[in-house]
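Protein chains in written order, with the working numbering: chain D, 1 to 309; chain L, 1 to 246.
Down below is the structure, laid out as structure tokens.
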Amino acid sequence: MHIPDGLMDPAVFLAGWAVAVVVLAVAMAKVGRTIDQKAVPLMALLAAGIFMAQMLNFPVGFGTTGHLIGAALAVYMLGPLAAMVVMTAILLIQGLMFGDGGITALGLNILNMAIIAPLTAWGIFALAGRSTWSVPVAAWASVMAGAAACAFELSASYTLSGGAYGITGSLAIPAMLGYHALIGIGEGLITGGIVAYLTKVAPEMVRGDPTAVPVPRKRYTNAALGITVLFGIGLVLFFMFSAGMGDGLESVMEAAGVEEVTPLFGGLMGYGEDYLSALVAGIIGFAAVFAVIYLAFRRRKAAEETETQ
Amino acid sequence: MTWPPMNHGEIDQYSVRSRWYGFDPRVKLVCVIGLVVVTAFMRDLAPLVVIFAFVAALLLLSRVPLRHLGGGIVLALPFIIFPVLAMVITSGPMPALLMTLRIVSSIFALMLLITTTPMFDLLKAMRWFHFPALMSSLLLFTYRFIFVLIDEMERMKMARKARGFTGRGSLLSRDVFKTLSYTAGMVFVRSNARAMNIYNALMARGFTGEVVTLRRFKARPADGAFGAMFVCVSVIAIMLQMGVAF
Chain D
1 MHIPDGLMDP AVFLAGWAVA VVVLAVAMAK VGRTIDQKAV PLMALLAAGI
51 FMAQMLNFPV GFGTTGHLIG AALAVYMLGP LAAMVVMTAI LLIQGLMFGD
101 GGITALGLNI LNMAIIAPLT AWGIFALAGR STWSVPVAAW ASVMAGAAAC
151 AFELSASYTL SGGAYGITGS LAIPAMLGYH ALIGIGEGLI TGGIVAYLTK
201 VAPEMVRGDP TAVPVPRKRY TNAALGITVL FGIGLVLFFM FSAGMGDGLE
251 SVMEAAGVEE VTPLFGGLMG YGEDYLSALV AGIIGFAAVF AVIYLAFRRR
301 KAAEETETQ
Chain L
1 MTWPPMNHGE IDQYSVRSRW YGFDPRVKLV CVIGLVVVTA FMRDLAPLVV
51 IFAFVAALLL LSRVPLRHLG GGIVLALPFI IFPVLAMVIT SGPMPALLMT
101 LRIVSSIFAL MLLITTTPMF DLLKAMRWFH FPALMSSLLL FTYRFIFVLI
151 DEMERMKMAR KARGFTGRGS LLSRDVFKTL SYTAGMVFVR SNARAMNIYN
201 ALMARGFTGE VVTLRRFKAR PADGAFGAMF VCVSVIAIML QMGVAF
């Protein structure tokens with residue numbers, strides 16, 4: 001899901017850049033403060049490893065292959081904030097040094113694969129703990145959340161530009177989610193396999209890592225994470241449902257030959273406004289969720305400081 | 001056991017003998033990013049054809065082999081073909097053609113930057129524009145480690161192949177996924193040791209986290225001319241798009 005330049009409407013990619021820059025600035029400031037110089041090569045190793053893993057194709061079936069994204073693996077080994085930084089480094093290298101993924105679209109790529117995907121995985125780890133079954137689930141969910149965000153951006157571009165950019169939602173949403181539901185299974189299997197293998201062969205790389213941010217177990221952070229995960233799952237379901245509904249309704253109407261009902265849809269404009277309001281709601285929702293997570297972080301840090309005093 | 005040294009095709013392997021190598025990386029970086037941003041806003045045929053012709057001409061003159069450039073396009077192909085097909089169905093052939101031109105021109109512009117500028121010059125230029133230090137040392141290490149990992153991976157791929165592994169199957173093939181994830185895990189374990197050696201060697205040589213290259217950045221009149229070309233093309237494209245001239 002590396003979005004190239006020229007595919008997205010300018011309004012959408014500018015919004016993507018705005019969110020990505022703010023979130024990353026916070027993440028990098030935090031990571032920069034808590035990490036020593038010695039941890040940088042370890043983070044780089046994981047970044048290079050995930051970069052390589054993204055080149056490792058696995059079979060999906062029907063002759064197609066997919067590849068890893070690696071957000072859940074990064075979260076498992078480094079914690080959420082460092083994972084965001086590492087995923088961003090991977091995207092920068094792919095964009096700037098290998099020409100995979102664009103410059104204007106980099107903000108959106110960061111948002112999908114370096115912010116939304118790791119946050120989703122982190123949410124599941126925080127809720128379910130780091131167990132053998134939570135790893136594949138978190139990996140699958142992170143892929144789905146990223147794909148849903150990507151499909152949403154494609155359809156928003158299409159609607160906002162009146163068909164000059166992006167892909168129409170009725171095609172993009174089922175295609176992206178359907179394909180990535182399968183890709184996500186592969187991601188879950190491989191992430192689970194890597195974690196199990198490392199735990200067995202090199203436990204020092206997974207456990208007792210000085211760079212790992214401990215998963216919070218406080219009640220209010222759990223509540224915030226619950227909201228995030230529900231929001232993510234709800235978004236995915238909403239898209240699946242609305243895409244299915246739209247197609248179903250249309251085909252039913254076509255079959256029945258009810259042409260005069262069409263104005264009830266409000267024509268093209270009404271459809272567009274629907275998506276526009278969905279976009280606005282999505283952005284506000286994301287900002288709200290982000291604010292909740294950020295505040296949870298602040299409170300946790302404050303609580304830790306009072307504990308140590 | 002002896003093993004051939006790392007000789008993987010790097011994206012910047014032809015940069016030193018390309019025609020655009022001598023130009024200031026800072027100028028190239030700004031020019032290319034500026035042009036890509038302008039391209040993203042274009043939605044008419046005329047300005048897109050102007051931009052496409054310009055970047056294609058610069059690439060043809062760059063002395064970088066076409067086969068090497070092709071690799072960059074191949075990576076983006078899935079995300080060109082699917083949207084363009086969808087666009088043909090929903091909006092007609094013309095918007096699809098425009099979108100193809102937009103995507104391909106942007107990729108060409110990026111290829112122009114990354115195939116004619118050595119990686120470390122590019123990183124140094126980014127640092128000059130106050131790109132964050134943590135991120136640039138992360139990029140520096142990651143880029144180096146990628147080739148260390150490719151080396152390890154190739155070795156294990158050959159070992160896997162020698163034992164009859166083909167990678168065929170589907171999501172239900174348990175053995176395929178077991179082998180692949182164990183391979184990936186082993187790559188981490190082996191590289192961890194090597195990465196720490198590389199890091200210690202760097203520290204012993206006085207590494208501070210800053211990108212240092214022998215090349216001194218110096219903007220010459222020729223760089224001004226290079227930048228002016230990009231500005232002219234961008235202005236012409238914007239004017240064509242807004243219908244101000246021609």
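Note that beta-carbon positions come from the ideal geometry of N, C-alpha and C, so glycine has one too.
Just so it is clear, the structure is predicted and the values come from calculations on it, not from any experiment.
Inter-residue spacing [alpha-carbon to alpha-carbon] between residue i and residue j
| i | j | result |
| --- | --- | --- |
| alanine 256(D) | isoleucine 3(D) | Confidence at alanine 256(D) is low in this model, with a pLDDT of 41, below 50, so its placement is unreliable and the value that follows should be read with caution. For alanine 256(D) and isoleucine 3(D), the distance between alpha carbons rounds to 39 angstroms. |
| alanine 141(D) | alanine 29(D) | 27 angstroms |
| threonine 183(L) | methionine 153(L) | 8 angstroms |
| isoleucine 190(D) | alanine 27(D) | 27 angstroms |
| leucine 61(L) | alanine 44(D) | 35 angstroms |
| phenylalanine 52(L) | glycine 101(D) | 18 angstroms |
| isoleucine 50(D) | phenylalanine 141(L) | 14 angstroms |
| threonine 104(D) | alanine 15(D) | 11 angstroms |
| glycine 92(L) | glycine 166(D) | 13 angstroms |
| methionine 247(L) | methionine 158(L) | Not covered by the structure: residue 247(L). The range shown for chain L is 1 to 246. |
| leucine 127(D) | threonine 120(D) | 11 angstroms |
| leucine 91(D) | leucine 106(D) | 8 angstroms |
| threonine 132(D) | leucine 180(L) | 18 angstroms |
| alanine 243(D) | arginine 220(L) | Model confidence at alanine 243(D) stands at a pLDDT of 47, short of 50, so the residue's coordinates are unreliable; what they give is reported in the following sentence. Roughly 56 angstroms separates the two Cα atoms. |
| isoleucine 35(D) | phenylalanine 129(L) | 24 angstroms |
| lysine 200(D) | methionine 77(D) | 15 angstroms |
| leucine 202(L) | glycine 193(D) | 33 angstroms |
| alanine 72(D) | tryptophan 122(D) | 7 angstroms |
| threonine 166(L) | arginine 155(L) | 15 angstroms |
| leucine 97(L) | leucine 138(L) | 38 angstroms |
| glycine 243(L) | leucine 24(D) | 38 angstroms |
| alanine 193(L) | arginine 130(D) | 25 angstroms |
| threonine 168(D) | arginine 168(L) | 34 angstroms |
| arginine 127(L) | alanine 133(L) | 7 angstroms |
| aspartate 12(L) | proline 80(D) | 32 angstroms |
Below-8 angstroms beta-carbon distance, residue i vs any chain L residue
| i | result |
| --- | --- |
| leucine 81(D) | no |
| isoleucine 110(D) | no |
| threonine 104(D) | yes |
| alanine 89(D) | yes |
| glycine 32(D) | yes |
| proline 41(D) | yes |
| phenylalanine 51(D) | yes |
| proline 118(D) | no |
| phenylalanine 13(D) | yes |
| alanine 149(D) | no |
| histidine 345(D) | Summary: the structure shown does not reach residue 345(D), with chain D confined to residues 1 through 309, and so no result is reported for it. |
| isoleucine 190(D) | yes |
| histidine 2(D) | yes |
Whether residue i touches residue j by CB criterion (8 angstroms)
| i | j | result |
| --- | --- | --- |
| isoleucine 107(L) | isoleucine 73(L) | yes |
| alanine 149(D) | isoleucine 173(D) | no |
| isoleucine 124(D) | alanine 138(D) | yes |
| glycine 70(D) | asparagine 112(D) | no |
| alanine 48(D) | leucine 68(D) | no |
| arginine 63(L) | arginine 26(L) | no |
| serine 15(L) | threonine 117(L) | yes |
| glycine 95(D) | valine 143(D) | no |
| phenylalanine 79(L) | leucine 7(D) | yes |
| tyrosine 143(L) | proline 41(D) | no |
| leucine 46(D) | valine 85(D) | no |
| alanine 109(L) | valine 36(L) | yes |
Test: residue i CB closer than 8 angstroms to a CB of chain D
| i | result |
| --- | --- |
| alanine 195(L) | yes |
| serine 91(L) | yes |
| methionine 239(L) | no |
| lysine 178(L) | yes |
| proline 95(L) | yes |
| tyrosine 182(L) | yes |
| serine 106(L) | yes |
| isoleucine 103(L) | yes |
| alanine 222(L) | no |
| serine 18(L) | no |
| threonine 116(L) | no |
| phenylalanine 266(L) | No statement about residue 266(L) is possible, as the shown extent of chain L runs from 1 to 246 and does not include it. |
| glycine 164(L) | no |
| isoleucine 33(L) | yes |
Residue i - partner residues in DSSP beta bridges
| i | result |
| --- | --- |
| histidine 130(L) | Beta-bridge pairing links histidine 130(L) to no other residue. |
Expected contact under 8 angstroms - CB spacing of residue i and residue j to nearest Å
| i | j | result |
| --- | --- | --- |
| alanine 46(L) | leucine 172(L) | Their Cβ separation, rounded to whole angstroms, is 52 angstroms, which puts alanine 46(L) and leucine 172(L) out of contact at 8 angstroms. |
| serine 134(D) | valine 12(D) | Wrong, their Cβ atoms sit about 33 angstroms apart, outside the cutoff. |
| phenylalanine 120(L) | threonine 213(L) | 5 angstroms |
| phenylalanine 23(L) | alanine 222(L) | 7 angstroms |
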